[in-house]
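Enquirer: Residue numbers (the numbering used here): 88 to 329.
From the three backbone atoms N, C-alpha and C, an ideal C-beta is built for every residue, glycine too.
Quick caveat, the model's predicted, so the values are computed rather than measured.
Just passing along the structure, written as structure tokens.
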């Protein structure tokens with residue numbers, strides 16, 4: 088009985104020692120996940136002047152690789168009733184490569200080496216009723232979208248950004264149909280603050296590709312269709328296959 092009791096104690100101690108790293112790992116993972124979510128929520132809230140909120144269902148953290156995988160991320164408008172235009176973004180998978188955990192955790196500074204969106208869905212809802220002219224009827228303010236994107240890229244110090252199999256939809260009460268597009272692939276590399284006044288999105292290495300497109304324009308009558316579109320800023324290449 089004494090020998091068996093001694094064996095049980097050794098086994099219990101071994102299991103406890105084995106469990107300690109697992110428990111610590113789980114605690115660290117929980118706190119980092121909470122910190123990541125909190126930082127992203129504060130970032131979106133502050134940069135959008137409390138216009139948008141961020142949420143996600145799951146975070147997978149790799150401390151050694153300095154990577155974060157975010158599942159089912161959403162950017163939601165806080166005011167869909169009074170706002171003339173609002174965005175709704177869903178990202179099933181988002182990958183982030185963090186430059187430094189120390190800066191991120193202790194100082195709340197987000198410096199991202201690379202950011203990737205997989206199967207994102209971008210929706211724009213436009214429902215302004217005041218002073219809508221024919222010239223502005225059913226148009227998208229691309230200048231505002233580019234300005235907001237540049238602001239985020241600059242703040243996060245992102246070195247590269249990739250969007251894979253994206254989808255886009257533009258809803259407006261002034262149009263009979265929804266302007267939508269799928270199979271969008273977009274990437275920006277070699278981003279640098281030094282280029283912020285010289286280039287469109289802080290880089291000349293911009294790539295865009297779209298396949299099998301059929302756009303129904305806001306008037307519900309005219310359409311645009313093409314098999315493939317490719318653009319490369321670095322190679323100064325543009326091709327449209329109709």
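Considering residue 312, what are the terminal residues of the beta strand (DSSP E) in which it resides?
Expert: Membership of residue 312 in the beta strand (DSSP E) is indicated by the continuous run 310–319.
Enquirer: Between residue 186 and the rest of its own chain, which residues show a CB-CB distance below 8 Å, the 5 nearest in sequence each way excluded?
Expert: 153, 198, 199, 200 and 244
Enquirer: Output the distance between the C-alpha atoms of residue 256 and residue 213, rounded to the nearest integer angstrom.
Expert: 11 Å
Enquirer: Return the first residue and the last residue of the beta strand (DSSP E) that residue 299 is part of.
Expert: Boundaries of the beta strand (DSSP E) around residue 299: 292–303.
Enquirer: Measuring alpha carbon to alpha carbon, tell me which of 179, 274 and 123 ends up nearest residue 208.
Expert: 179
Enquirer: Relative to the alpha-carbon of residue 130, which residue among 150, 158, 144 and 162 has its alpha-carbon at the smallest distance?
Expert: 162
Enquirer: Quick check on this structure: which residue in 175, 172 and 263 has the alpha carbon closest to the alpha carbon of residue 308?
Expert: 263
Enquirer: Nearest CA to the CA of residue 254: which residue from 273, 183 and 134?
Expert: Closest option to residue 254, Cα to Cα, is 273.
Enquirer: Which of the three DSSP states is assigned to residue 198 in this structure?
Expert: coil
Enquirer: Cβ of residue 138 less than 7 Å from any chain D Cβ?
Expert: The chain labelled as chain D is not found in the depicted structure, where only one protein chain is given.
Enquirer: Between 205, 135 and 149, which lies nearest to residue 164 when the distance is taken from Cα to Cα?
Expert: 135
Enquirer: Please state the DSSP three-state secondary structure of residue 329.
Expert: coil
Enquirer: Is it buried or exposed, residue 310, if we count other Cβ atoms within 10 angstroms and call 16 or more buried?
Expert: exposed
Enquirer: Tell me which same chain residues have a C-beta within less than 6 Å of the C-beta of residue 326, skipping the five on either side of it?
Expert: 317
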